[in-house]
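Below is one structure, written out as structure tokens; the observations come after it.
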Amino acid sequence: MISRNPFVGGLLEPVVSGVVLDRVDLRGESDISGRLPRPEPISEGSVAAVREIIEAVRADGDAALARYTERFDGAVPLRWRVPPAALAAARDRLDPSLRVALETAAASIHEFHRCRTSPEQTSTRRGITIRSWDQPVGRAGCYVPGGRAAYPSTVLMTALPARAAGVDRVVLCTPPDAAGRVADVTLAAAAIAEVDEVYAVGGAQAVAALAHGTESIGSVDVIAGPGNVHVAIAKQLVAGVVGVPAAFAGPSEVVVVADKTTPAEYAAIDLIVQAEHGPDGLAWLVTWDAEAAEAVGGAVIDLLRDAARRDEVAATFERSGHIVLVDGPESAAEVVNFIAPEHLQVMTEAPEAVIGRVRNAGAIFRGPMAPAAVGDYAAGPSHVLPTNGTARFAGVLGIRDFTKPMHEIAVTPEGLAAVGPHVAAIADAEGLDAHADSVRLRGAAAARKSRRDE
């Protein structure tokens with residue numbers, strides 16, 4: 015059952031402006047999935063609005079970019095492209111400690127992805143040799159949220175996997191601030207990641223520009239990066255025109271699994287961490303220990319009193335903040351698999367009892383000393399992860415999203431003689447005479463040459 019009634023002891027007392035974490039008590043329930051709340055589906059109105067933006071940019075180019083940037087960001091930059099020299103200048107102005115932090119994170123991210131490049135492979139069987147390799151795309155578009163906040167970490171987490179994949183040119187779009195400028199720290203991160211082009215444009219209009227091109231922005235082959243729901247919808251709508259990772263990289267999500275051994279403040283702060291991104295995300299605590307639930311709920315209330323972004327956190331909790339009571343690790347994993355969260359943190363005494371049963375999660379963080387923030391900034395894998403349930407079939411952004419598998423086939427006369435009759439038989443069965451003749455002609459010619467050589 016789902017209720018807004020507080021737990022005994024004030025666990026679900028209002029945290030900010032009357033907002034509470036919903037209680038979902040699944041103890042003793044056999045049909046867990048049927049009892050779980052789900053995020054609201056994407057509205058047809060939002061899809062229609064984004065489609066209108068894409069078509070306008072496709073038709074009017076830079077003029078449409080200016081209209082939508084003025085409407086959504088409050089200012090139009092003097093030029094869409096940020097001068098390349100401004101990137102290096104921003105890096106040089108950066109506070110030394112922050113520069114070291116970004117360069118250290120960049121090194122971890124690059125090393126992780128560089129080690130995942132696939133070597134060229136060759137296989138030969140009965141006269142047929144197949145050479146296969148991963149071919150990088152020519153131009154990759156990276157979307158980095160911005161406007162009210164700066165996200166240099168997302169610059170690194172999108173551009174560096176593309177760089178490690180061997181992409182020729184990395185292009186970045188990010189919204190300008192109210193003065194029409196891109197934050198220095200974002201430009202500095204772009205310099206560290208060796209981004210080739212930076213454009214001060216965001217939202218669905220940036221995705222449209224990257225997909226279709228405008229007078230100022232050249233089209234790309236792949237678009238990757240997180241954003242709000244409209245950015246995520248836009249990427250879905252241009253998929254097919256350009257490559258788009260299967261994951262829906264939208265508003266942030268976290269599920270924290272806790273028990274009596276979990277430090278309550280650790281679980282509470284990690285719920286707040288993802289919730290502070292804003293109202294469309296998801297923040298769940300799952301536990302089989304009622305005392306742990308009460309302790310974590312109380313810690314959330316305490317931490318929120320002085321939180322700088324408590325309004326954003328409260329909005330997330332009000333929309334999709336839940337404390338879920340289950341019977342044990344097995345049912346906790348069942349909840350996780352149903353939600354398929356972007357971030358999963360398992361802080362229990364025996365984490366493998368949960369993790370070993372998890373099939374659907376963007377990234378898993380094991381133990382109390384592994385907060386999702388480490389993955390967000392410095393561990394190595396990208397923090398661009400599947401949201402909105404797409405972890406059921408998609409995973410973290412990586413090199414594979416910036417490459418395409420290619421292969422070549424070489425056939426010797428002996429190989430054609432061995433496989434040719436089988437090719438012809440299948441082609442005949444499909445009624446494709448020319449397919450069959452293409453091997454028969456070669457087989458006959460090879461036989462004639464063999465007789466002459468004798």
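The sequence shown maps to residues 15 to 468 in this note's numbering.
Think of the CB as a built atom: it goes at the ideal place given N, C-alpha and C, for glycine as much as any other residue.
Contact between V212 and L186 holds, since their C-beta atoms are separated by about 5 Å, short of 8 Å. If you check the CB distance, P150 and V169 do not come in under 8 Å. Cβ contact annotation for G42 (same chain, cutoff 6 Å, sequence separation greater than five): none.
Judged by DSSP in its simplified three-state form, M420 adopts strand. Residue state for D39 is assigned as strand, using DSSP reduced to three classes.
Put simply, of E134, S334, P259 and R72 the residue whose alpha carbon is nearest the alpha carbon of V38 is S334. At least 8 Å separates the beta-carbon of H226 from that of I413. Pairing A223 with I231 gives a Cβ-Cβ distance under 8 Å. Relative to R145, the option among V61, H436, E134 and G155 whose CA is nearest is E134. The three-state secondary structure of E332, taken from DSSP, is helix. Cβ-Cβ distances below 6 Å link A367 to P343 in the same chain, with the five nearest sequence neighbours on each side left out; the list follows chain order. D36 and L317 have their C-alpha atoms roughly 18 Å apart. In terms of Cβ geometry, A173 and V209 form a close pair [threshold 8 Å]. Among the bridge pairs identified by DSSP, V350 is matched with none. Around the CB of P97, fewer than 16 other CB atoms lie within 10 Å, so the residue is classed as exposed. In this structure, S266 keeps its C-beta atom at 8 Å or more from the C-beta atom of G239. With respect to the 8 Å criterion, S60 and V243 are classified as neighbours on the basis of their beta carbons.
For L50, there is no enclosing alpha helix (DSSP H), as DSSP gives it neither H nor E.
By the neighbour-count criterion, in which 16 or more other beta carbons inside 10 Å mark a residue as buried, S167 falls on the buried side. Per DSSP, reduced to three states, the secondary structure at L399 is coil, with no helix or strand assignment. With respect to the C-alpha of A307, the residue from T275, A179, D109 and S57 having the closest C-alpha is T275.
Membership of R145 in any alpha helix (DSSP H) is not indicated; the residue belongs instead to the beta strand (DSSP E) covering I142 to P150. Spanning the alpha carbons of L446 and I440 requires a straight line of approximately 9 Å. Taking C-beta atoms as the reference points, M383 and A281 fail to come closer than 8 Å. Non-local C-beta neighbours of F416 in its own chain, meaning closer than 7 Å and more than five positions away in sequence, comprise P150, V151, A154, P175, A176, A179, V181 and V236, ordered along the chain.
Y165 carries a coil assignment under DSSP once its states are collapsed to helix, strand and coil. Within the same chain, and ignoring the five residues on either side of V258 in sequence, the residues whose Cβ sits closer than 8 Å to its Cβ are V236, I237, A238, K249, Q250 and V252. If you look at A384, you'll find it isn't in any alpha helix (DSSP H); DSSP assigns it neither H nor E. With contacts defined as CB atoms closer than 8 Å, G381 and P365 qualify as a contacting pair. With a 10 Å radius around the Cβ and a threshold of 16 neighbouring Cβ atoms, T200 comes out buried. A Cβ-Cβ contact shorter than 8 Å links I56 with I247.
DSSP lists T401 as the beta-bridge partner residues of F262.
Of the candidates A405, G311, T131 and G434, the residue whose Cα lies closest to the Cα of N351 is A405.
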